[in-house]
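Asks: Numbering (this note's numbering), first residue to last: 1 to 170. Every residue, glycine too, gets a C-beta built ideally from N, C-alpha and C.
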């Protein structure tokens, strides 16, 4: 549950109203509540933007798999967290902004922008100090409130051009 619900909870408590016991325990962190597929994906983005590796890991299935442009990239939740942490080091201000999110039968399509400054090594490429802003799309399979797989399609050419890594892109 995000901050709007917590704020709502606080105003309800001030008025003397309470949620059912199970919801109260979940809001206090004592019990987990299964997130809808869209809520789950929004939580992934929130954890990514907040540099919350533990929260990010908690939303992934143990058998999580990630694919980039159709090729298997990360196998297992820990490998995915390591990939995300590498991005945080490569662009300390990296930020995702959701443009569209839709869901059908547990398959969530997320269209988003990825922006930041390349101030650290990016998978073996030295920091360029340049800003980037690219639009990407990821399909995420959510089962039982956790992300089981992600299929990422990103503007790699646009990213590399903006970072000056392509011939003639300076």
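Answer with buried or exposed for residue 149, where buried requires no fewer than 16 other C-beta atoms within 10 angstroms of its C-beta.
Replies: Classification of residue 149: buried, given that the 10 Å Cβ count is 16 or more.
Asks: Which parts of the segment 25-102 are runs of the beta strand (DSSP E), unbroken and 3 residues or longer, counting only runs that do not cross its ends?
Replies: Runs found: 60-68, 71-75.
Asks: Identify the residues that DSSP records as bridge partners of residue 125: which are they?
Replies: 122.
Asks: Using DSSP bridges, identify the partner residues of residue 182.
Replies: Residue 182 is absent from the model: the chain starts at 1 and stops at 170.
Asks: Could you give the residue range of the beta strand (DSSP E) that holds residue 116?
Replies: 107-117 is the span of the beta strand (DSSP E), which, as asked, contains residue 116.
Asks: Do you know how far the Cα of residue 53 is from the Cα of residue 89?
Replies: Those two C-alpha atoms are separated by around 13 Å.
Asks: Taking its Cβ as the centre, do 16 or more other Cβ atoms sit within 10 Å of residue 65, making it buried, or is it exposed?
Replies: Answer is buried; the Cβ neighbour count reaches 16.
Asks: Under 8 Å by Cβ, that's how I've got residue 99 and residue 41 pegged, so tell me the actual separation to the nearest angstrom.
Replies: Their Cβ separation, rounded to whole angstroms, is 13 Å, which puts residue 99 and residue 41 out of contact at 8 Å.
Asks: Can you tell which of 161, 147, 157, 115 has its C-alpha closest to the C-alpha of residue 55?
Replies: Comparing Cα positions, the closest option is 147.
Asks: Taking the CB atoms as reference points, tell me whether residue 68 and residue 152 lie closer together than 8 Å.
Replies: Contact: yes.
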